[in-house]
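In what follows, a single structure is set out as structure tokens and then discussed.
Here it is in structure tokens:
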């Protein structure tokens, strides 16, 4: 279930009132940093090859343009945080990466999105198998009203996997991957709805992991969780990036700073600035980014 | 955050300025102590040092509190992190002033061993560097901060010249050795104060531009 409020299609085109900087010269190419210049940056993240490449995306909900010429590269085994005020287009972009916007009537998209080199909007792309390669975790945990085991096994079941041993292995691997195994291994057949909020969210992550995706998309995964549960998810994100590429939408600046390697700041459908998180949070290039992340926006 | 936090940052800046103002006053009094055999200027320098030390504690705590409670980022973070580094520089300048003033007080009643205005010049030049480093902070003036950093070389040159002069004095007149030894330490203290003004100017550049200009030779050797 998606918690995004319905999109007001009837509204006039909502254009930025103040001039934005020209489409950012993407500072994503890390260039050469002096040794120790960005000591907290995961050095591997600087060299990782691209996993997701968004090229010149314009997206329209009916007549309303929601994204303006977005160019963004997400490197393999890194975490990209998308930040910006509500309605800035970050969730829309996230949903463009697994073609979930296709489910909304009247959506038109221009430009190219490639995942692992494959153009996902090319004619003939199998959307279902595409989405299998992209796990998605939503703001509100949404386990199915089924057992913990069946929640995790769900993706395999709809793929038609019947072999019990394969499913068992996938469930265990995914629950371990989501850091939930030790807490639920003795009650795998209890309802997933009986878990705490934080556990339910990790169950949803386990469900996403079961189908071995390339990419995990997270839309405010911790906004309904207490600080302890949030901390566990953040630790988990750190673990998961060893095997997956992660894009996370968050309204929590500290969370973006803690978990991501790169951060992209959006405003009114435009990408204002993208760069290494460590740099963006200590010395952003754009005044607008500075105002937003320091809570002085508007 | 917003307005409340902005006011807290403003308070932090004002406090730092108050501290810097007292340090500047100490430097002026220290220069005058050389011609004050009664020692009232030197005594005043010591009094002010206590106030500066109190500011040191207060500002330290204020920075820690803001870091803990406000999660500052970007330029706010740079301001607070740099304040944490500027404050001990100012405190140290105060200590150097006490040291110089104490020696000036000893020397003031005695005949001078150093001809010329070298002592006045190194004092005045150093005071100017501190004042302009603080002005650069107040006015957000990166060009001024850079000028302060450049001026460090001229104080170094003054120091070298005075050092040689004092060695010559000691060699030519053994009775001047005690007074000249005091002055050797005094000029070293002035030279250190100029270094600390340079450090403050470097922090100002970090606050304004987010660039770390310290230890330029390391950067050059990497290229």
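Protein chains in written order, with our numbering: chain A, 90 to 387; chain B, 5 to 227. Yeah, the Cβ is synthetic: ideal placement off N, Cα and C, and Gly gets one too.
Cβ neighbour criterion (16 or more within 10 Å) applied to residue i
{"i": "residue 8 (chain B)", "result": "exposed"}
{"i": "residue 45 (chain B)", "result": "buried"}
{"i": "residue 218 (chain A)", "result": "exposed"}
{"i": "residue 143 (chain B)", "result": "exposed"}
{"i": "residue 21 (chain B)", "result": "exposed"}
{"i": "residue 108 (chain B)", "result": "buried"}
{"i": "residue 283 (chain A)", "result": "exposed"}
{"i": "residue 383 (chain A)", "result": "buried"}
{"i": "residue 168 (chain B)", "result": "exposed"}
{"i": "residue 51 (chain B)", "result": "exposed"}
{"i": "residue 257 (chain A)", "result": "exposed"}
{"i": "residue 104 (chain A)", "result": "With a pLDDT of only 41 at residue 104 (chain A), under the threshold of 50, the placement of this residue in the model should not be trusted; the figure read from the coordinates follows. Answer is exposed; the Cβ neighbour count stays below 16."}
{"i": "residue 215 (chain B)", "result": "exposed"}
{"i": "residue 94 (chain A)", "result": "With a pLDDT of 49 at residue 94 (chain A), under the threshold of 50, the predicted position of this residue should be treated as unreliable, though the coordinate-derived value follows. It counts as exposed."}
{"i": "residue 302 (chain A)", "result": "buried"}
{"i": "residue 38 (chain B)", "result": "buried"}
{"i": "residue 255 (chain A)", "result": "exposed"}
{"i": "residue 97 (chain B)", "result": "buried"}
{"i": "residue 253 (chain A)", "result": "exposed"}
{"i": "residue 221 (chain B)", "result": "exposed"}
{"i": "residue 364 (chain A)", "result": "buried"}
{"i": "residue 371 (chain A)", "result": "buried"}
{"i": "residue 152 (chain A)", "result": "exposed"}
Chain-order list of residues whose beta-carbon lies under 7 Å from that of residue i (same chain, five-residue window excluded)
{"i": "residue 144 (chain A)", "result": "160, 200 and 201"}
{"i": "residue 313 (chain A)", "result": "228, 229 and 286"}
{"i": "residue 264 (chain A)", "result": "241, 270, 273 and 295"}
{"i": "residue 386 (chain A)", "result": "174 and 380"}
{"i": "residue 175 (chain B)", "result": "none"}
{"i": "residue 195 (chain B)", "result": "159, 160 and 163"}
{"i": "residue 212 (chain B)", "result": "144 and 146"}
Close Cβ partners of residue i (< 6 Å) along its chain, the five nearest in sequence each way excluded
{"i": "residue 59 (chain B)", "result": "23"}
{"i": "residue 173 (chain A)", "result": "179, 354, 355 and 356"}
{"i": "residue 171 (chain A)", "result": "179, 338 and 353"}
{"i": "residue 193 (chain B)", "result": "100, 103 and 104"}
{"i": "residue 233 (chain A)", "result": "240"}
{"i": "residue 35 (chain B)", "result": "127"}
{"i": "residue 75 (chain A)", "result": "Outside the modelled stretch of chain A, which goes from 90 to 387, sits residue 75 (chain A), for which no answer is possible."}
{"i": "residue 26 (chain B)", "result": "52, 55 and 56"}
{"i": "residue 333 (chain A)", "result": "305"}
{"i": "residue 33 (chain B)", "result": "45, 48 and 49"}
{"i": "residue 374 (chain A)", "result": "362"}
Cβ shell of residue i (< 8 Å), same chain only, five flanking positions each side left out
{"i": "residue 389 (chain A)", "result": "The requested residue 389 (chain A) is not part of the displayed model; chain A covers only 90 to 387."}
{"i": "residue 89 (chain B)", "result": "203 and 207"}
{"i": "residue 217 (chain B)", "result": "153, 206, 209 and 210"}
{"i": "residue 166 (chain B)", "result": "118, 122, 123, 126, 187 and 191"}
{"i": "residue 207 (chain A)", "result": "214"}
{"i": "residue 366 (chain A)", "result": "130, 170, 345, 346, 349, 350, 351 and 352"}
{"i": "residue 326 (chain A)", "result": "168, 307, 335, 337 and 348"}
{"i": "residue 189 (chain B)", "result": "103 and 107"}
Nearest-angstrom beta carbon gap, residue j and residue i [assumed within contact, 8 Å]
{"i": "residue 342 (chain A)", "j": "residue 361 (chain A)", "result": "With 8 Å as the limit, residue 342 (chain A) and residue 361 (chain A) do not qualify as a contact, their Cβ atoms being about 15 Å apart."}
{"i": "residue 168 (chain A)", "j": "residue 330 (chain A)", "result": "5 Å"}
{"i": "residue 189 (chain A)", "j": "residue 165 (chain A)", "result": "Not a contact, Cβ separation roughly 22 Å."}
{"i": "residue 110 (chain B)", "j": "residue 186 (chain B)", "result": "6 Å"}
{"i": "residue 260 (chain A)", "j": "residue 241 (chain A)", "result": "5 Å"}
{"i": "residue 156 (chain A)", "j": "residue 146 (chain A)", "result": "5 Å"}
{"i": "residue 262 (chain A)", "j": "residue 237 (chain A)", "result": "The Cβ separation is near 14 Å, so there is no contact."}
{"i": "residue 16 (chain B)", "j": "residue 66 (chain B)", "result": "6 Å"}
| In chain order, which continuous runs of the alpha helix (DSSP H) of length 4 or greater are located wholly inside the segment 177-210 of chain A? | 179-186
| request: Would you check if there are 3 or more beta carbon pairs closer than 8 Å linking the segment 350-358 of chain A to the segment 316-326 of chain A? | output: no
| Quick check: the segment 285-299 of chain A against the segment 224-244 of chain A, are there 3 or more CB pairs under 8 Å? | yes
| message | Contact between the segment 124-144 of chain B and the segment 199-212 of chain B is defined here as three or more beta-carbon pairs at a separation below 8 Å; is this criterion met? | response | yes
| query | Per the contact definition of three or more C-beta pairs closer than 8 Å, is the segment 202-215 of chain B in contact with the segment 84-104 of chain B? | reply | yes
| query | Going along the chain, which unbroken runs of the alpha helix (DSSP H) with 4 or more residues stay wholly within the segment 126-161 of chain A? | reply | 132-136
| task | Would you be able to state if there are at least three C-beta pairs under 8 Å between the segment 172-184 of chain A and the segment 332-340 of chain A? | result | yes
| query | Quick one: complete alpha helix (DSSP H) runs, 4+ long, within the segment 39-88 of chain B? | reply | 44-74
| message | Under 8 Å, with one C-beta from each stretch per pair, do the segment 203-211 of chain A and the segment 246-255 of chain A reach the 3-pair mark? | response | no
| Does the segment 257-270 of chain A come close enough to the segment 284-295 of chain A that 3 or more CB-CB pairs lie under 8 Å? | yes
| query | Which residue spans inside the segment 353-383 of chain A form an unbroken beta strand (DSSP E) run of at least 3? | reply | 359-365
| said: Would you call the segment 168-188 of chain B in contact with the segment 73-86 of chain B, where contact means no fewer than 3 C-beta pairs closer than 8 Å? | reply: no
| query | Between the segment 66-82 of chain B and the segment 141-155 of chain B, do three or more beta carbon pairs fall short of 8 Å? | reply | no
| task | Only counting runs of 3 or more residues, tell me where the beta strand (DSSP E) segments fall wholly within the segment 252-307 of chain A, in order along the chain. | result | none
| Mind pulling the alpha helix (DSSP H) runs of 4 or more residues that sit fully within the segment 189-226 of chain B? | 220-226
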